[in-house]
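Okay, structure first, notes after.
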Amino acid sequence: MGKTAIVKIMERAAGKPVKVGDRVWCKIDWSTARDFGGANCVLQFEKEMGADAKVWDPEKIAFTFDLQAPSHSEKVSTNQKIIREFAKKQGIKRVFDINHGIGQHVMLEAGMIKPGDVVLGTDSHMNLLGGVGAFATGVGNSDIAASWINGTNWFRVPETMKIEVTGKFQKGVCMRDLLT
Numbered sequence: 535m536g537k538t539a540i541v542k543i544m545e546r547a548a549g550k551p552v553k554v555g556d557r558v559w560c561k562i563d564w565s566t567a568r569d570f571g572g573a574n575c576v577l578q579f580e581k582e583m584g585a586d587a588k589v590w591d592p593e594k595i596a597f598t599f600d601l602q603a604p605s606h607s608e609k610v611s612t613n614q615k616i617i618r619e620f621a622k623k624q625g626i627k628r629v630f631d632i633n634h635g636i637g638q639h640v641m642l643e644a645g646m647i648k649p650g651d652v653v654l655g656t657d658s659h660m661n662l663l664g665g666v667g668a669f670a671t672g673v674g675n676s677d678i679a680a681s682w683i684n685g686t687n688w689f690r691v692p693e694t695m696k697i698e699v700t701g702k703f704q705k706g707v708c709m710r711d712l713l714t
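For the sequence shown, this note's numbering begins at 535 and goes up steadily by one.
So this is what it looks like as structure tokens:
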């Protein structure tokens, strides 16, 4: 069998041949944080790198306000303010503020995500971007903050499974039922 899509994506991002099971450093195409964890990413970045440190590429970072929008508390409002101020200071223009929609969907609709992209985000549902041929994964706040330093992250090249489904679903059963 030839190389799988994920191996090809990781080879491009790593800049070298890779195989399943390898641990590799990859250049990322997008790093995104939501309103829920974004402030923690900002605070971690500034703690580790200093308040005046610059992100690797403000054109490759996005923030989405979709989980706690509109704000329901002073703490959430403060966190959203931290994100907005950081984005302004860093020159990050892709801030999808309140009422823009759900993070990954907004990024897709804006034409930001392309087949073959490597995307990190603070949302466990980032992998839905695989639907357009991207490799996307949810990571923790410190991983996002670290990615802002030099635009890389390490990954283990994953296995790929082929699953064939035959027949028809019973009435009331859909593809989502198969996947969960």
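Ideal Cβ positions, reconstructed from N, Cα and C, are used throughout, including at glycine.
{"query": "Helix, strand or coil at G664 [DSSP, three-state]", "result": "helix"}
{"query": "Helix, strand or coil at N687 according to DSSP, with G and I counted as helix", "result": "strand"}
{"query": "Sufficient close CB pairs (3 or more, under 8 angstroms) joining the region 638-645 to the region 609-625", "result": "no"}
{"query": "Same chain only: Cβ atoms within 8 angstroms of P551, ignoring 5 sequence neighbours per side", "result": "E545"}
{"query": "Alpha carbon of P604 to alpha carbon of G536, nearest angstrom", "result": "48 angstroms"}
{"query": "Backbone secondary structure at F579 - three-state DSSP", "result": "helix"}
{"query": "Cutoff 8 angstroms; reference P719; Cβ partners in own chain excluding five residues on either side", "result": "In the structure as shown, the chain starts at 535 and stops at 714, and residue 719 therefore has no counterpart that could be examined."}
{"query": "Entirely enclosed alpha helix (DSSP H) segments - the region 592-647, minimum 4 residues", "result": "608-624 and 637-643"}
{"query": "Span of the alpha helix (DSSP H), counted from its first residue to its last, around V652", "result": "V652 -> not in any alpha helix (DSSP H); beta strand (DSSP E) instead, spanning V652 to G655."}
{"query": "Q499 versus L712, W590 and I697, residue with shortest Cα-Cα distance", "result": "Outside the shown range of the chain (535 to 714) lies residue 499, about which nothing can therefore be said."}
{"query": "Nearest to A585 (by Cα), restricted to the options K627, V576 and V558", "result": "V576"}
{"query": "Which residues DSSP lists as bridging C560, in chain order", "result": "N687"}
{"query": "Selected residue, minimal CA-CA separation from V591, among C708, V558, K627 and D556", "result": "According to the sequence displayed, residue 591 carries Asp and not Val. Cα-wise, what sits closest to D591 is K627."}
{"query": "A670: first and last residue of the uninterrupted beta strand (DSSP E) it sits in", "result": "F669 to G672"}
{"query": "T656 vs G572 beta-carbon contact at 8 angstroms", "result": "yes"}
{"query": "Proximity of W564 and V653 at Cβ, strictly below 8 angstroms", "result": "yes"}
{"query": "Proximity below 8 angstroms, CB of F630 to CB of A596", "result": "yes"}
{"query": "Residue interval of the alpha helix (DSSP H) (run including D569)", "result": "Looking at the DSSP string, D569 is not in any alpha helix (DSSP H), and its letter there is neither H nor E."}
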